[in-house]
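Q: Listed in order, the protein sequences are those of chains L and F.
So the mapping is simple: this note's numbering equals the position in the first sequence, first residue as 1, plus 877.
So the mapping is simple: this note's numbering equals the position in the second sequence, first residue as 1, plus 877.
Cβ atoms here follow ideal geometry from the backbone N, Cα and C, with glycine treated the same way.
In this text, all values refer to a predicted model and were calculated from it rather than measured experimentally.
My questions will all concern the structure given below.
There are 2 protein chains.
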Amino acid sequence: VFDKMTDIFSDYYLWILFSQTWEAISKARNKELLSQDISERRAALLFIIQLIGHDATPVKISRYLFREPHSISELLDRMEAQGLVKKVKDLDRKNQVRIELTEKGHEYYETSIVPKNIPEILSVLTEEERKQFLSGLIKLRKAAIKLIGIRYEVPLPPIDVTPPLR
Amino acid sequence: VFDKMTDIFSDYYLWILFSQTWEAISKARNKELLSQDISERRAALLFIIQLIGHDATPVKISRYLFREPHSISELLDRMEAQGLVKKVKDLDRKNQVRIELTEKGHEYYETSIVPKNIPEILSVLTEEERKQFLSGLIKLRKAAIKLIGIRYEVPLPPIDVTPPLR
C-alpha cells in the first residue's frame, strides 16, 4: 500500500512539474509579446486558425484547444472587436460561421510567430531529446483524450511542415 | 531563410502540441474531480501548500505556479471562503500570512490526490520514456525560467519522495 501511495505521489509530482513548465514557457512567451499588444492565447488562436485554413469554424477551433465552443466563441468575439478576425457566413449549414484573419490579424500572426523565446527554450534539447520529448507528448495526449471520452478525432498539429504559403 | 522559417514553425508546432497535451490532461483531471466539488487548479494548490509545509506564504505559493502573488491571493481568498484553507498570522514580518489547510482542506487534498486519471495517463510511458520525458521537462523549465528573468530560485517539486507524514 505504501509503495502504491509513493507511486501516486510520484505521478502527481510529474504532473505538477509538467504544469510548472507549461506556465513558465507561457510566461516567457507572454513577456516577449507584451510589446506587440497581443497575449499568447490570442497568438496561439491566430496560429490555429491559419493551420485549419478555410474550414476554421468556432467548433473546429475549440477542438484544437480542448475547450468548450462557447468559451472559444467569447474569445473570438473579443478578437473580432480588436480587429484581428472576422466572421464569414458562407457555409451551407445555417448559423455556422467561418473565422478568417483580417489584414491586421495577418500582421499580428506574422510578427507574433517570429519571436525568439520558443526556439531559444527548445534549443536546450538535442535532436534526440527533442524526438523523445515529442514522442512522450503524443503518447500522453492520446491517453488523456481517451480518458476525456471525446468521440471525434482531435486534430494533431503536424510537426514537420513547411510554412503555409499566402 | 526558408529553412529558418521552417524551424520556427516546427518549434511553434511543438509548443502548440505541448499546450494541447496540458489542456487534455487538465480536462481529464477536472472530469474526475467533478464529483468532488473541486477544480484541478484548487486541488493543485492544496498539493503545493502541503508540499511547502509550514512556510507556505502566498508569495512562495505563487512562485511554484509562476503567477503574480495578487492572482494567487484572490484564488486563496475564494478557497478560504470555501473553507479549504485558513490564514494564520504568526510570522515575524508584518502583513505576512501563512496558509494552512483546514480539516476540510485535508479531506479534499487526500481524496483529490488519490484518483486514477494522472497515473493512468502516465502509465502509457515506459520507465525509460518517463525518465526521458521528465529530463526534457526539467531542461525546458530551466530555460524558460532563465528567459523570464526571475532572480529568486524557483522550487522544483521533488520527484522521488515518500508521501509527507501527517
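Quick one: what's got a C-beta closer than 8 Å to F1010 (chain F)'s C-beta in the same chain, skipping five residues either side?
A: Translated into the one-based positions of the second sequence, residue 1010 (chain F) becomes position 133. Excluding positions up to five away in sequence, the list reads L1002.
Q: Apart from the five residues just before and just after E986 (chain L), which ones in its own chain have a Cβ nearer than 8 Å to its Cβ?
A: Your numbering for residue 986 (chain L) matches position 109 in the first sequence. For the record, residue 986 (chain L) in the displayed sequence is Tyr; it is not Glu. Cβ neighbours of Y986 (chain L) beyond the five flanking positions: A920, L923, F924, Q927, L978.
Q: Please identify the residue among F:L999, F:A901, F:K1019, F:I885 whose C-alpha is closest to the C-alpha of G1026 (chain L).
A: Counting from 1 along the first sequence, the entry for residue 1026 (chain L) is found at position 149. Per the Cα distances, F:A901.
Q: By alpha-carbon positions, which one of L:E1005, L:A958, L:W899, L:R906 ends up nearest to N994 (chain L)?
A: Looking up residue 994 (chain L) in the first sequence gives position 117. If we check each option's Cα against that of N994 (chain L), L:R906 comes out closest.
Q: Which residues in the same chain have their Cβ closer than 8 Å to the Cβ of P935 (chain L), if we skip the five residues on either side of it in sequence?
A: Here residue 935 (chain L) corresponds to residue number 58 of the first sequence, with the count starting at 1. Taken in chain order, the residues that qualify are P946, I949, S950, L953, V974, I976.
Q: For G982 (chain L), I'd like the list of residues in its chain whose CB is within less than 7 Å of its CB, leaving aside the five on either flank, ordered along the chain.
A: Within the first sequence, residue 982 (chain L) is the residue found at index 105, counting from 1. If we look at G982 (chain L) and ignore the five residues flanking it on each side, its Cβ neighbours are L923, L961, V962.
Q: Got a sec, what are the start and stop residues for the alpha helix (DSSP H) V936 (chain L) sits in?
A: Working through the first sequence from its first residue, we reach residue 936 (chain L) at position 59. Per DSSP, V936 (chain L) belongs to the alpha helix (DSSP H) from 935-942.
Q: Per DSSP, L978 (chain F) is paired with what?
A: Looking up residue 978 (chain F) in the second sequence gives position 101. Looking at the DSSP assignment, L978 (chain F) forms a beta bridge with F:V962.
Q: Distance, Cα to Cα, M956 (chain L) vs L910 (chain L)?
A: Taking the first residue of the first sequence as 1, we reach residue 956 (chain L) at position 79. Taking the first residue of the first sequence as 1, we reach residue 910 (chain L) at position 33. Each residue's Cα considered, the two are about 16 Å apart.
Q: In three-state terms, what does DSSP make of K971 (chain F)?
A: Counting from 1 along the second sequence, the entry for residue 971 (chain F) is found at position 94. Note: K971 (chain F) maps to coil in three-state DSSP.
Q: What do you reckon, are the CB atoms on I915 (chain L) and I929 (chain L) nearer than 8 Å?
A: For the purposes of this step, residue 915 (chain L) is taken as residue 38 along the first sequence, with counting starting at 1. For the purposes of this step, residue 929 (chain L) is taken as residue 52 along the first sequence, with counting starting at 1. No. Outside cutoff.
Q: Could you list which residues in chain F have their beta carbon closer than 8 Å to that of K937 (chain L), in chain order?
A: Along the first sequence, read from residue 1 onward, the residue named residue 937 (chain L) stands at position 60. Within chain F, no residue comes near K937 (chain L); the closest Cβ sits about 14 Å away, beyond 8 Å.
Q: Determine the DSSP secondary structure at T1003 (chain F), reduced to helix, strand or coil.
A: If you number the second sequence from 1, residue 1003 (chain F) lands on position 126. T1003 (chain F): coil per DSSP, three-state reduction.
Q: Interface residues of chain F around E997 (chain L) at Cβ under 8 Å?
A: For the purposes of this step, residue 997 (chain L) is taken as the residue at position 120 of the first sequence. Per Cβ cutoff of 8 Å: A1020, L1024.
Q: If you measure beta-carbon to beta-carbon, which residues of the segment 989-1015 of chain L are closer than 7 Å to chain F?
A: Result list: I990, V991, N994, I995, P996, E997, I998, L999, V1001, L1002, E1006, Q1009, F1010, L1011, G1013, L1014.
Q: Does the distance from the C-beta atom of Q897 (chain F) to that of R1007 (chain L) stay below 8 Å?
A: Here residue 897 (chain F) is taken as the residue at index 20 of the second sequence, counted from 1. Here residue 1007 (chain L) is taken as the residue at index 130 of the first sequence, counted from 1. Contact: no.
Q: Which residue comes first and which comes last in the alpha helix (DSSP H) that contains Q913 (chain L)?
A: Locating residue 913 (chain L) in the first sequence gives position 36, where the first residue counts as 1. No alpha helix (DSSP H) holds Q913 (chain L); DSSP gives it neither H nor E.
Q: Measuring CB to CB, does F895 (chain F) end up less than 8 Å from W892 (chain L)?
A: Counted from its first residue, the second sequence places residue 895 (chain F) at position 18. Counted from its first residue, the first sequence places residue 892 (chain L) at position 15. Taking 8 Å as the Cβ cut-off, F895 (chain F) and W892 (chain L) do not qualify as a contacting pair.
Q: Return the residues of the segment 951-980 of chain L that lie within a Cβ-Cβ distance of less than 9 Å from chain F, sorted by chain order.
A: Within the segment 951-980 of chain L, no residue has a Cβ that lies closer than 9 Å to any Cβ of chain F.
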